[in-house]
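Structure first, commentary second.
2 protein chains.
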Amino acid sequence: MRFTSEQRLDDNVLEREFTLGEIPGILWTPGTASAPAPLILLGHPGGLSKMYPRLAARAQHSAAQGYATATIELPGSGDRPRDAAAEQARADLRRALEAGDPVDDEIVCRLILPLVDKAVPEWQATLDALLTLPEIGGPVGYAGGVIGIGLRLAVVEPRISAALLFAGSFVPRAMLEEARQVTIPLLVLLQWDDEGNDRQLALDLFDAFGSKEKTLQANMGGHTGVPLFAGEDGNRFFARHLK
Amino acid sequence: MRFTSEQRLDDNVLEREFTLGEIPGILWTPGTASAPAPLILLGHPGGLSKMYPRLAARAQHSAAQGYATATIELPGSGDRPRDAAAEQARADLRRALEAGDPVDDEIVCRLILPLVDKAVPEWQATLDALLTLPEIGGPVGYAGGVIGIGLRLAVVEPRISAALLFAGSFVPRAMLEEARQVTIPLLVLLQWDDEGNDRQLALDLFDAFGSKEKTLQANMGGHTGVPLFAGEDGNRFFARHLK
Numbered sequence: 000m001r002f003t004s005e006q007r008l009d010d011n012v013l014e015r016e017f018t019l020g021e022i023p024g025i026l027w028t029p030g031t032a033s034a035p036a037p038l039i040l041l042g043h044p045g046g047l048s049k050m051y052p053r054l055a056a057r058a059q060h061s062a063a064q065g066y067a068t069a070t071i072e073l074p075g076s077g078d079r080p081r082d083a084a085a086e087q088a089r090a091d092l093r094r095a096l097e098a099g100d101p102v103d104d105e106i107v108c109r110l111i112l113p114l115v116d117k118a119v120p121e122w123q124a125t126l127d128a129l130l131t132l133p134e135i136g137g138p139v140g141y142a143g144g145v146i147g148i149g150l151r152l153a154v155v156e157p158r159i160s161a162a163l164l165f166a167g168s169f170v171p172r173a174m175l176e177e178a179r180q181v182t183i184p185l186l187v188l189l190q191w192d193d194e195g196n197d198r199q200l201a202l203d204l205f206d207a208f209g210s211k212e213k214t215l216q217a218n219m220g221g222h223t224g225v226p227l228f229a230g231e232d233g234n235r236f237f238a239r240h241l242k
Numbered sequence: 000m001r002f003t004s005e006q007r008l009d010d011n012v013l014e015r016e017f018t019l020g021e022i023p024g025i026l027w028t029p030g031t032a033s034a035p036a037p038l039i040l041l042g043h044p045g046g047l048s049k050m051y052p053r054l055a056a057r058a059q060h061s062a063a064q065g066y067a068t069a070t071i072e073l074p075g076s077g078d079r080p081r082d083a084a085a086e087q088a089r090a091d092l093r094r095a096l097e098a099g100d101p102v103d104d105e106i107v108c109r110l111i112l113p114l115v116d117k118a119v120p121e122w123q124a125t126l127d128a129l130l131t132l133p134e135i136g137g138p139v140g141y142a143g144g145v146i147g148i149g150l151r152l153a154v155v156e157p158r159i160s161a162a163l164l165f166a167g168s169f170v171p172r173a174m175l176e177e178a179r180q181v182t183i184p185l186l187v188l189l190q191w192d193d194e195g196n197d198r199q200l201a202l203d204l205f206d207a208f209g210s211k212e213k214t215l216q217a218n219m220g221g222h223t224g225v226p227l228f229a230g231e232d233g234n235r236f237f238a239r240h241l242k
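Chains A and B supply the protein sequences, listed in that same order.
So that you can map any letter, position 49 of the first sequence is 48 in numbering that gives the first Met the number 0, and since no number is skipped, the others follow by simple counting.
So that you can map any letter, position 191 of the second sequence is 190 in numbering that gives the first Met the number 0, and since no number is skipped, the others follow by simple counting.
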């Protein structure tokens, strides 16, 4: 892990860009932390520079609660090399959405499964590197989108203690089985009236999760209209499970 | 409204039993309120003395946040006169539940619709009386079970500004249409693994509510296992809408 830039945000949060091999990422740490900070990995749908404003806002919010946060670019997004099969799947998905057709599970599988397979080991390598830093301690949470990535991480990565999953992205139905293996506490956010989202699949997924403690919170306001209080509920969720 | 007893609870909450005509009820007011307190009506499935511990706990919790709370006995419950048709419907429901049969909507209609028709005007008369007390001010919220009563109150009673509905009771499918007329902010709590509850109907009901701001929160833990943090989320919901 190599830090490539460093700046202090207004509220004294330290923001550092890094690369881990070819993967670019960003780490935010609370400016005033005396003890190693618990860490929240911030998931997103890909395209770090486009996602930056929302991620940085989330990071500052989390830093105010004492958390370090980190994110990395997804395979095939931002400046990272494109993958022909993934590009084809993305184009097929876009075509189905533009035509107003229901999105075929086969397209979702082609798009999401290889992405999950590639991204999850990258998140794990990032976690390895982050946990060597003296300013970062456990426990670790995952928050954000590409629910398939959060789901797989929750299954394979024992260092992740709790996850806030945003049920606003496509999930291959094949991952329903995998969801049964998730046992960590979950907060699942669902935008009820998000037209681009398969609500029934999100409900099936919530039902499938094997976690004894799981909460589904559904709100109105469309894909990007998650209400402020849901973010605060997310803070309280992590406060219950990461401290 | 006639007060029949008065006691101070440990945390200085004033608890007063009252009768309104033949209807018994309880009013809890914060001991330290300087201005008229906003009011939360506490719904329950009937049987005040059995429900008292949970209602009083909720009332004390609310008083700590500055709210007055009040509840009344339901028609046909507690010491109130029984209604033969309601008793028959209740027996039919019990039989279906004991046999493990799906509960017929016809039984639910016979049980719930007359109850809603009788209980809602009683709640409104109680509200009339409570709002004449100098220690009670608006705005008013409704919190609790018998979702049909909360739903009808939300439609017909303009003094109710927000409702926390517990989707753990039977609802006639006929009330789905009525749900579309609800426009106040709602927090709907659903115990996901509550076997006595029709989960799909609760989801249909949440979908039907006409409110622009509505949140569904589903948790694990069975019918009576609503987690503590859901109660706190309820406080924050009312803090957003009743203050």
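Even for Gly, the Cβ is constructed at its ideal location relative to N, Cα and C.
Same chain only: Cβ atoms within 7 Å of residue i, ignoring 5 sequence neighbours per side
i                      : result
residue 9 of chain A   : none
residue 182 of chain A : 209, 210
residue 123 of chain A : 156
residue 106 of chain B : 88, 91, 92, 95
residue 174 of chain A : 147, 150
residue 35 of chain B  : 133, 134, 135, 136
residue 0 of chain A   : 17, 19, 128
residue 218 of chain B : 190, 191, 225, 226, 229
Neighbour flag for residue i against chain B, beta carbons, 8 Å
i                      : result
residue 212 of chain A : yes
residue 179 of chain A : no
residue 218 of chain A : yes
residue 248 of chain A : This structure leaves residue 248 of chain A out entirely; chain A is present only between 0 and 242.
residue 165 of chain A : no
residue 232 of chain A : yes
Residue i, enclosing beta strand (DSSP E) - first and last residue
i                      : result
residue 217 of chain B : 213–218
residue 199 of chain A : Per DSSP, residue 199 of chain A belongs to no beta strand (DSSP E); it is in the alpha helix (DSSP H), 198–207.
residue 67 of chain B  : 67–71
residue 187 of chain B : 185–190
Segment limits, alpha helix (DSSP H) that includes residue i
i                      : result
residue 92 of chain B  : 83–97
residue 54 of chain B  : 47–63
residue 227 of chain B : 227–240
residue 194 of chain B : Premise fails: residue 194 of chain B is in no alpha helix (DSSP H) and is neither H nor E.
residue 178 of chain A : 174–178
Minimum Cβ-Cβ distance from residue i to chain A less than 8 Å
i                      : result
residue 202 of chain B : yes
residue 150 of chain B : no
residue 260 of chain B : Outside the displayed span of chain B (0 to 242) sits residue 260 of chain B, for which this structure offers no information.
residue 215 of chain B : yes
residue 237 of chain B : no
residue 2 of chain B   : no
residue 228 of chain B : yes
Residue environment, residue i, which counts as buried when at least 16 other CB atoms sit within 10 Å
i                      : result
residue 56 of chain A  : exposed
residue 151 of chain A : buried
residue 109 of chain A : buried
residue 193 of chain A : buried
residue 196 of chain A : buried
residue 2 of chain B   : exposed
residue 176 of chain B : exposed
residue 61 of chain A  : buried
residue 227 of chain A : exposed
residue 142 of chain A : buried
residue 5 of chain B   : exposed
residue 49 of chain B  : exposed
residue 72 of chain B  : buried
Neighbourhood of residue i by C-beta distance below 8 Å, restricted to the same chain and skipping five residues each side
i                      : result
residue 232 of chain A : 186, 216
residue 178 of chain B : 150, 204, 207, 208, 209
residue 101 of chain A : 95
Residues of its chain near residue i, where Cβ-Cβ distance is below 6 Å and the 5 sequence neighbours each way are ignored
i                      : result
residue 146 of chain A : 164, 166, 168, 170
residue 237 of chain B : 140
residue 234 of chain A : 64
residue 76 of chain A  : 45, 46
residue 104 of chain A : 172
inquiry  = Please give me, in chain order, every unbroken run of the alpha helix (DSSP H) with length at least 4 that falls completely inside the stretch 117–162 of chain B.
reply    = Runs found: 146–155.
task = Could I get the ranges of all uninterrupted beta strand (DSSP E) runs contained in the stretch 1–45 of chain B, with 3 residues as the minimum, in chain order?
result = 1–7, 13–19, 22–28, 36–42, all fully within the stretch 1–45 of chain B.
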